[in-house]
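Chemist: If you scroll down you'll find the structure; I have some questions about it.
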Amino acid sequence: VFKRNFHLWGVINIKQSSVNMVPSKVEITLRKADQVAWGKLEDPNYKPEPEPVEENILEIPESYQPDWDINDDDISDSDEEEAPEVTQQKITEQITEGLMKKQQEMQNSKRKEVEEEMKRVMEEKRRAEEEKRKLQE
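Counted from 1, the sequence shown has number 33 at position 33 by UniProt numbering; the numbering is strictly sequential.
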């Protein structure tokens, strides 16, 4: 299963976005929530966390020989491929879940920016009123 986390420049409107799967490709159509120009598709300020590397995995003894023979008794019904429509539904759900999470993060970020701006404006207003009172005294 392929999984990709996108860190987009702006907010996506999930209700107007869609996913179309065909045997040779997956088409993802995303609609911007705000009709503004993005500098790039992905956010250039996003810094991914480095993935930890386990050193034990890389150390394989030279004498190790894997047994590639598979006995027919080892194969169960659960090993068969899932129906394409089930796989498509799972991929669509994963993409939708990722998009919803990203949109929520963007909304929270915007909300924090607006709150900070409101605090700054209120502080400036309070200072201006204090100055005005001092001048009147």
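We put the CB at the ideal spot given by N, CA and C, even for glycine.
For a test of the three-state rule: what should DSSP assign to E27, helix, strand or coil?
Modeler: Here residue 27 refers to the residue found at position 27 of the sequence shown. Strand at E27.
Chemist: To which residues does DSSP link V22 through a beta bridge?
Modeler: Here residue 22 is taken as the residue at index 22 of the sequence shown, counted from 1. DSSP lists K25 as partners of V22.
Chemist: For L8 versus M106, is the C-beta distance shorter than 9 Å?
Modeler: Here residue 8 corresponds to residue number 8 of the sequence shown, with the count starting at 1. Here residue 106 corresponds to residue number 106 of the sequence shown, with the count starting at 1. At the C-beta level, L8 and M106 come within 9 Å of one another.
Chemist: Does the structure place the region 19 to 30 close enough to the region 88 to 95 that three or more beta carbon pairs sit under 8 Å?
Modeler: yes
Chemist: Return the Cβ separation of K102 and I12 in integer angstroms, given the expectation that the two are a contact with Cβ distance under 8 Å.
Modeler: To locate residue 102, count along the sequence shown from 1; it is residue 102. To locate residue 12, count along the sequence shown from 1; it is residue 12. With a Cβ gap of about 7 Å, K102 and I12 count as contacting.
Chemist: What did DSSP end up calling E49 once you bin it into helix, strand or coil?
Modeler: Numbered from 1 along the sequence shown, position 49 holds the residue referred to as residue 49. Correct three-state label for E49: coil.
Chemist: By Cβ distance below 7 Å, which residues in the same chain neighbour K3 in space, the five residues on each side in sequence not counted?
Modeler: Start at 1 with the first residue of the sequence shown, and residue 3 comes out as number 3. Hits under 7 Å: Q94.
Chemist: What does the alpha-carbon distance come out to for the pair K32 and Y46?
Modeler: Indexing the sequence shown from 1 puts residue 32 at position 32. Indexing the sequence shown from 1 puts residue 46 at position 46. Roughly 19 Å between the two C-alpha positions.
Chemist: With a threshold of 7 Å on Cβ separation, who are the neighbours of S17 within its own chain once the five nearest residues in sequence on each side are excluded?
Modeler: Numbered from its first residue, the sequence shown carries residue 17 at position 17. Within the same chain, S17 has close Cβ partners T29, L30, R31, L99.
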